[in-house]
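Q: Have a look at this one.
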Amino acid sequence: MIKKGNGFITGIEFMDQQHDFFVTAMNRLLEAMKNGEGKEEIRKTMRFVELHILKYFPREEEFMRENSYHDIEFHIIQHKKFRADFDEIKDIYFSKGYSVSLPLTLQRKMQDWLANHISKTDSILGDYVNSVKKTGGGTAG
Ligand SMILES: [Fe+2]
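To convert, take the position in the sequence shown, counting from 1, and add 21; that gives our numbering.
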């Protein structure tokens, strides 16, 4: 079980809050799988991930534009890739129905996203914006 806030605090409030929700949803699915309740929980997890992609990704992308972030294209490509991977899982669920391997696949995908995007790409974005804020606004002398 991954504890919230470990190693992926960006210091950007809306990002940290949403990442918290992400870890919670991921941990809940893992717990449900252990208790043989993966079938019920995966529906909730999929709803969460769907909203995360549809509402949170655009907000983060807007935030990058607002801050003239230099690495925005690479970042957006990763978002698109995650969306495509998630759509694939969703398609399997809706075309073939539930199977025991499905929550595991989704949970692993989320774990991978946490390790390789939230903890790295998002963290780098947070560091960048924080450093700009610190050094920027230099008119205050
Ligand atoms: Fe991101």
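Don't be surprised by glycine CBs; every beta carbon is placed ideally from N, CA and C.
Just so we're clear, the structure is a prediction, and the values are computed from it rather than from any experiment.
How big is the Cα-Cα spacing for G162 and V153?
A: Unreliable positioning characterises G162 in this predicted model, as indicated by a pLDDT of 38, which lies under 50. The coordinate reading is nonetheless provided below. Approximately 15 Å, taken between the alpha carbons.
Q: Leaving out five residues before and five after T160 in sequence, what residues of the same chain have Cβ atoms less than 7 Å from its Cβ?
A: For T160, the pLDDT reaches just 44, beneath the cut-off of 50, and the residue's location in the model is therefore unreliable, although a value from the coordinates is still provided. Once the five neighbours on either side are set aside, T160 has no close Cβ partner at all.
Q: To the nearest angstrom, how far is the alpha carbon of E58 from that of I74?
A: Roughly 24 Å between the two C-alpha positions.
Q: Within a Cβ cutoff of 8 Å, which residues of the same chain sit near I145, ignoring the five residues on either side of it in sequence?
A: D92, listed in sequence order.
Q: Should L143 be listed as close to ligand 1, given that the test is whether its C-beta is under 7 Å from any heavy atom?
A: Looking at the sequence shown, residue 143 is not Leu but Asp. Yes, the beta carbon of D143 sits closer than 7 Å to at least one heavy atom of ligand 1.
Q: Tell me which residue opens and which closes the alpha helix (DSSP H) that G147 is part of.
A: It spans 144 to 156 - the alpha helix (DSSP H) in which G147 sits, taken as one unbroken run.
Q: Distance, Cα to Cα, I110 vs A136?
A: Their Cα atoms are separated by approximately 19 Å.
Q: When you compare only the Cα positions, how much space is there between Q39 and I139?
A: Going from the Cα of Q39 to the Cα of I139 covers about 10 Å.
Q: Whole angstroms are fine: how far does the CA of I98 sit from the CA of P124?
A: Answer to the nearest angstrom: the Cα atoms are 25 Å apart.
Q: Which residues bound the alpha helix (DSSP H) around D133?
A: Residues 122 to 134.
Q: Determine whether the beta carbon atoms of Y114 and M67 lie at a separation below 8 Å.
A: Cβ atoms of Y114 and M67: closer than 8 Å.
Q: Specify, as a first and last residue, the run of the alpha helix (DSSP H) that H91 falls within.
A: Taken as a continuous stretch (DSSP letters only), H91 belongs to no alpha helix (DSSP H), as it is neither H nor E.
Q: Hey, would you say D143 sits closer than 8 Å to T31, going by beta carbons?
A: Yes, they are a contact pair.
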